[in-house]
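Q: The structure that follows is given in the form of structure tokens.
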Amino acid sequence: MLYLQRFARFLGHYLLACIFVLMACPFVVQAENQPDTITVFAASSLRDALGDAAQLYKAQTGTDVVLVFAATSAIARQVAGAAPADVVLLADQDWADWLVAQGTVSQMAAFVGNQLVLIGRDHAPIADPQDIEAALGGGVLAMAQVDAVPAGRYGKAALVSLGIWDSVAARVVQAANVRAALRFVERGEAALGIGYASDLVALPALTKVYAFAPDTHPDIIYSGAQVTPEGADFMAYLHTVEAQDTLARWGFSRLDVAQ
């Protein structure tokens, strides 16, 4: 009887060990099948945060992540034109919908948000957006292209909503993307600029002058998709706690994504 009890305990432990091995197998296979390199085409405003996320991803998987940055409009057109992307990450829902309509990807999944802010260099904050024109003094307002680039479109929408676009439009200087626009402010060539909360983390010489209310412009939602099967794992990674923590440290807004 004692022998049978010992044998039963041994068999139970053996079966439990087998279950753990079987559970671990998919992860072993996944690691073995990881591509050596993937290429991610992404909106310029993701540059710093995505650089950190890519390093953490490589540490986990061994996969190098090549990052290509440009304005969302340019990224969408390039990927639709068969640029060699495994993953595409955009900062504007209209361009995301356009890319799906082109048949380049089947769907885009939201993974992070952002906040629209008025940015200056050693400039005092303002409480009333009607003071923006006065805050410019004799200077200009730097923005990303207002008809094509998400940050520019959001900024113009906010100024129109507040009823001040007509009074400042002639003093707007436009750049190819939001980071290029804020470089004008950083160099003192523009009095103020419109960008994202995440830009304030990436460009510490600049400060927040005013935060636009979310109801003055379209929701700022970043979405992405795998373009090739090799990009699926990285897209899944962007929804993990680790990746969301990384994006949050760079000033992005967490979304209610599956963890």
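Once you know that position 170 of the sequence shown is 170 in UniProt numbering, the rest is easy, because the numbers rise by one and skip nothing.
C-beta atoms are modelled at their ideal positions from N, C-alpha and C, and glycine is treated no differently.
#1: Kindly identify the DSSP beta-bridge partner or partners of Lys156.
#2: Any idea if Pro150 is buried or exposed, counting beta-carbon neighbours within 10 angstroms, 16 or more meaning buried?
#3: Can you give me the C-alpha to C-alpha distance between Ala53 and Leu247, rounded to a whole angstrom?
#4: If you scan the region 90-123 from start to end, which runs of the beta strand (DSSP E) of 3 or more residues do you find wholly inside it?
#5: Leaving out five residues on either side along the sequence, give the residues of the same chain with a beta carbon under 6 Å from the beta carbon of Ala142.
#6: Assign Pro84 to buried or exposed, taking buried as 16 or more other Cβ atoms, counted over all protein chains shown, within 10 Å of its Cβ.
#7: Flag this pair as touching only if the region 95-113 and the region 122-141 have three or more C-beta atom pairs under 8 Å; answer yes or no.
#8: Apart from the five residues on each side of it in sequence, which residues of its chain come closer than 8 Å, Cβ to Cβ, to Gly81?
#9: Examine the Cβ distances between the region 124-131 and the region 197-216 and report whether three or more of them are shorter than 8 Å.
#10: Is it right to say Thr72 is buried, meaning 16 or more other beta carbons lie within 10 angstroms of its own, or is it exposed?
#11: Pick out whichever of Phe41, Ala109, Gln130 has its Cα sitting closest to the Cα of Asp166.
#12: For Ile38, which beta-bridge partners are listed by DSSP?
#13: Looking at the secondary structure, which residues open and close the beta strand (DSSP E) in which Leu192 lies?
#14: Determine whether the beta carbon atoms of Val87 and Val241 lie at a separation below 8 Å.
#15: Do Ala176 and Val117 count as a contact pair if the criterion is CB distance below 8 Å?
#16: Determine the burial state of Asn33: buried for a count of at least 16 other Cβ atoms within 10 Å of its Cβ, exposed for fewer.
#17: Is it right to say Arg6 is buried, meaning 16 or more other beta carbons lie within 10 angstroms of its own, or is it exposed?
#18: Between which two residues does the beta strand (DSSP E) harbouring Ala175 extend?
#19: For Met23, is the classification buried or exposed, using 16 other Cβ atoms within 10 angstroms of its Cβ as the cut-off for buried?
#20: Where Ser161 and His217 are concerned, what is the direct C-alpha to C-alpha distance, given to the nearest angstrom?
#21: Are the Cβ atoms of Ala109 and Ile75 separated by less than 8 Å?
#22: DSSP has Ile221 in a bridge; who is on the other side?
A: In this structure, then:
#1: In DSSP, Lys156 forms no bridge with anything.
#2: Counting Cβ neighbours within 10 Å, Pro150 comes out buried, since at least 16 surround it.
#3: Between Ala53 and Leu247, the C-alpha separation is close to 8 Å.
#4: List check, beta strand (DSSP E) in window: 109-113, 116-120.
#5: Excluding its 5 nearest sequence neighbours in each direction, Ala142 has C-beta neighbours in its own chain below 6 Å: Val173, Ala181, Phe184, Val185, Ala190, Gly193, listed in chain order.
#6: Exposed is the call here.
#7: Taking 8 Å as the limit for Cβ pairs, the verdict is that the region 122-141 does not touch the region 95-113.
#8: Here Gly81 has no same chain residue with a Cβ atom under 8 Å from its own Cβ, once five neighbours each way along the sequence are excluded.
#9: Contact between the region 124-131 and the region 197-216 is present, because at least three Cβ pairs lie under 8 Å.
#10: Residue burial is scored here from C-beta neighbours: Thr72 has at least 16 other C-beta atoms within 10 angstroms and is therefore classed as buried.
#11: With distances taken between Cα atoms, Asp166 lies closest to Gln130.
#12: According to DSSP, Ile38 shares a beta bridge with Val65.
#13: Boundaries of the beta strand (DSSP E) harbouring Leu192: 192-196, taken from the DSSP string.
#14: The answer is no: Cβ separation not under 8 Å.
#15: In this structure, Ala176 does not lie closer than 8 Å to Val117 by Cβ.
#16: Classification for Asn33: exposed.
#17: Low confidence applies here, because Arg6 scores a pLDDT of 44, under 50, leaving its location unreliable and the question unanswered by this model.
#18: If you look at Ala175, you'll find it in the beta strand (DSSP E) that goes 172-175.
#19: Any answer about Met23 is weak, because its pLDDT of 42 lies below 50 and its placement is not dependable; what the coordinates show is given next. Around the Cβ of Met23, a 10 Å sphere holds fewer than 16 other Cβ atoms; the residue is exposed.
#20: Rounded to whole angstroms, Ser161 to His217 spans 8 Å at the Cα level.
#21: No; because the gap between Cβ atoms is not below 8 Å, this pair is not in contact.
#22: According to DSSP, Ile221 bridges with Gly113.
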